[in-house]
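Residue numbers (the UniProt record's numbering): 1 to 126.
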Amino acid sequence: MQASQITAIELYRFDRELSERRFHGEDRGCMCGLFTITASNGLCGCSEFTVPCTQLRGDFIQWAIVFQRLKGMTTEEGMTFIHHKQETWGDDRVWLAESALIHMEHRGIGWDRAYLFNHSQAYVAF
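Here it is as structure tokens:
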């Protein structure tokens, strides 16, 4: 039996309203959002994040592009890969990807996609 592969990676950067609702106004000076990974077997893992804007080098897309390399890997390969990239990616991105991979338990992201799109400043998909 072939292991399932990562088929989709999505990142939503929440707008101010959703950021304040989810993080109770603690997001001042931070980028808040949702990271999702979907596998070929239909399972999905999600992880919410808040990253201080001072840690960003560039914009949201430049920050998120590192996750593109996970596409096509198995969850085990992905976990090995992100730990190999710890120094380059930094703790926040490694934790985010690791958390989503560990929590790949449900089919679908468990969020209303229309709501997410209506309350996102930015969206990236790989």
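All C-beta atoms, glycine included, are put in the ideal place defined by N, C-alpha and C. What you are looking at is a predicted structure, and each value in this text was computed from that prediction instead of being measured.
field: Closest by C-alpha distance to phenylalanine 35, when choosing among Thr75, Trp63, Leu96, Gln86
entry: When only C-alpha atoms are compared, the closest one is Leu96.
field: alanine 122 (DSSP reduced to helix, strand or coil)
entry: In the structure shown, alanine 122 sits in a strand (DSSP, three-state: E or B).
- request: Please state whether DSSP places glutamate 48 in a helix, a strand or coil.
  value: Reduced to three states, the DSSP call for glutamate 48 is strand.
message: Could you tell me the alpha carbon to alpha carbon distance between threonine 50 and arginine 93, rounded to whole angstroms?
response: About 10 Å.
- prompt: Is the beta carbon of glutamine 100 less than 8 Å from the beta carbon of isoleucine 61?
  reply: For the sequence presented, residue 100 should be read as alanine rather than glutamine. Alanine 100 is not a Cβ neighbour of isoleucine 61, given a cutoff of 8 Å.
message: Check this for me: beta carbons of threonine 74 and serine 4, under 8 Å apart or not?
response: A contact, by the Cβ cut-off of 8 Å.
query: Got a sec, what are the start and stop residues for the alpha helix (DSSP H) leucine 96 sits in?
result: Taken as a continuous stretch (DSSP letters only), the alpha helix (DSSP H) holding leucine 96 covers 91-102.
- prompt: When DSSP labels each residue in this structure, what does methionine 1 get in the three-state scheme?
  reply: Confidence at methionine 1 is low in this model, with a pLDDT of 46, below 50, so its placement is unreliable and no value can be given for it.
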